[in-house]
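Working notes, structure below.
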Ligand SMILES: Cc1cc2nc3c(=O)[nH]c(=O)nc-3n(C[C@H](O)[C@H](O)[C@H](O)COP(=O)(O)O)c2cc1C
């Protein structure tokens with residue numbers, strides 16, 4: 024890893040260099056998500072990590088890698104601009120460009136496999152059948168879990184995400200579960216009245232875990248031109264700005280289900296991870312933090328070991344749901 028740091032053109036700040044202290048005699052950071060065993064609770068959030076980052080951080084130390092959401096056919100995504108900064112966060116309207124399943128299997132998936140950690144393939148669909156089609160088409164591919172992204176706009180329901188309706192989530196996830204033997208994670212949208220109802224629907228359908236949550240809808244306006252900054256008009260807000268909202272959703276989802284919850288939204292430090300664990304998460308995903316500090320996940324993970332030692336926690340799982348009333 025030291026070699027990777029030296030050869031990288033990214034200048035790591037002093038905090039990144041402190042990671043080694045105390046991590047060797049660390050606590051047990053292993054995590055079980057149903058049948059899926061992870062060496063660490065830290066993994067990238069879908070769409071925020073690519074194999075090209077492999078030279079910048081020790082990906083093989085992470086819990087897993089998660090791919091960008093995959094659709095059945097090739098898609099080009101939304102018009103530019105696709106990204107813009109906002110206070111303490113970022114807005115994106117990438118629109119999920121996708122290589123389609125056959126190119127994904129040939130050219131993309133092998134690049135994720137080289138890290139030697141479980142590969143989670145994120146799957147999407149503009150119709151219920153598309154989620155099932157992608158799952159079927161992945162039958163001859165090697166990966167350790169699927170993450171069903173139920174935040175995609177559903178063309179059969181006027182563009183509303185499947186994830187906004189409990190019965191639709193149960194329907195689509197049951198179909199995916201019946202088509203594959205790998206564990207299924209379900210990535211929930213925050214744009215719902217009751218996250219508990221949606222998480223329970225995923226659990227009933229056979230999900231091994233739920234990921235809470237995807238981005239929050241938002242908008243940015245450029246005053247001189249009086250136009251929306253994003254080419255798509257609206258986008259998804261992520262980063263530290265959403266952390267308190269994501270934390271609340273994790274706490275509510277974890278109170279509603281017996282399956283593990285993976286916390287996601289604004290995590291950029293080990294302390295953030297501990298907050299999500301206390302709220303009920305068993306593992307976490309890191310997205311936006313990687314855009315400003317590509318080394319963030321490795322730093323978070325190593326700091327987490329140090330923080331657990333400071334807190335007197337020998338098993339990470341002791342923190343899950345340990346929020347005091
Ligand atoms: C540029 C960008 C692309 C994303 N693409 C996807 C995607 O393909 N599938 C998905 O489920 N979530 C996607 N997300 C959402 C993230 O996985 C994550 O849920 C969200 O950003 C909140 O976490 P964060 O605050 O740590 O970034 C994307 C987020 C960003 C910023």
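Numbering (this note's numbering), first residue to last: 24 to 348.
C-beta: ideal position from N, C-alpha, C; glycine also.
Relative to ligand 1, is the shortest distance from any of its heavy atoms to the C-beta of residue i smaller than 6 angstroms?
i: residue 175; result: no
i: residue 257; result: no
i: residue 228; result: no
i: residue 237; result: yes
i: residue 119; result: yes
i: residue 304; result: no
i: residue 99; result: no
i: residue 248; result: no
i: residue 71; result: yes
i: residue 128; result: no
i: residue 332; result: no
i: residue 55; result: no
i: residue 68; result: yes
i: residue 310; result: yes
i: residue 83; result: no
i: residue 214; result: no
i: residue 103; result: no
i: residue 288; result: yes
When DSSP labels each residue in this structure, what does residue i get in the three-state scheme?
i: residue 69; result: coil
i: residue 107; result: strand
i: residue 310; result: coil
i: residue 142; result: strand
i: residue 229; result: coil
i: residue 210; result: strand
i: residue 9; result: This structure gives no information on residue 9, because the portion of the chain shown stretches from 24 to 348.
i: residue 331; result: helix
i: residue 119; result: coil
i: residue 239; result: strand
i: residue 55; result: strand
i: residue 345; result: coil
i: residue 322; result: helix
i: residue 125; result: helix
i: residue 27; result: Model confidence at residue 27 stands at a pLDDT of 37, short of 50, so the residue's coordinates are unreliable; what they give is reported in the following sentence. Helix.
i: residue 249; result: coil
i: residue 148; result: coil
i: residue 79; result: coil
i: residue 269; result: helix
i: residue 340; result: helix
i: residue 316; result: coil
i: residue 137; result: coil
i: residue 46; result: In this prediction, residue 46 scores a pLDDT of 44, lower than 50, which makes its location untrustworthy; no coordinate-derived value is stated.
i: residue 264; result: helix
Near residue i, what residues of its chain come up, given a Cβ to Cβ distance below 6 angstroms and the 5 sequence neighbours on each side ignored?
i: residue 158; result: 199, 202, 203
i: residue 312; result: 291, 319
i: residue 213; result: 236, 239, 272
i: residue 82; result: 138
i: residue 245; result: 252
Give every residue of the same chain whose Cβ lies closer than 8 angstroms to the Cβ of residue i, excluding the five residues on either side of it in the sequence, and list them in chain order.
i: residue 281; result: 226
i: residue 336; result: 50, 342
i: residue 149; result: 94, 175, 176, 177, 178
i: residue 44; result: Confidence at residue 44 is low in this model, with a pLDDT of 41, below 50, so its placement is unreliable and the value that follows should be read with caution. Closer than 8 angstroms at Cβ, skipping near neighbours: 329.
i: residue 130; result: 122
Closest by CA to residue i, which one among the options?
i: residue 154; options: 137, 170, 307, 243; result: 170
i: residue 144; options: 152, 150, 151, 160; result: 160
i: residue 315; options: 76, 206, 328, 183; result: 76
i: residue 135; options: 90, 120, 106; result: 90
i: residue 109; options: 148, 264, 277, 293; result: 264
i: residue 107; options: 116, 99, 100; result: 116
i: residue 118; options: 105, 80, 86; result: 105
i: residue 58; options: 207, 223, 181, 194; result: 207
i: residue 96; options: 111, 79, 123, 112; result: 123
i: residue 72; options: 64, 87, 56; result: 87
i: residue 223; options: 197, 65, 166; result: 197
i: residue 66; options: 345, 322, 152, 332; result: 322
If you drop the 5 nearest sequence neighbours on each side, which residues of the same chain put their C-beta closer than 7 angstroms to that of residue i?
i: residue 221; result: 186, 189, 192, 211, 215
i: residue 22; result: Nothing about residue 22 can be read from this structure; the chain reaches only from 24 to 348.
i: residue 270; result: 298, 299, 302
i: residue 46; result: For residue 46, the predicted model reports a pLDDT of 44, less than 50, meaning its position is unreliable; a value from the coordinates is still stated below. The answer, listed in chain order, is 325, 328, 329.
i: residue 334; result: none
Quick one: is the Cβ of residue i within less than 6 angstroms of any heavy atom of ligand 3?
i: residue 63; result: What this structure holds is ligand 1, not ligand 3.
Scan the segment 156-225 and note each continuous alpha helix (DSSP H) run of 4 residues or more that stays entirely inside, going in chain order. 189-202
Considering only residues of the segment 274-302, which uninterrupted beta strand (DSSP E) runs meet the minimum length of 3 residues and lie entirely inside it, listed in chain order? 284-287
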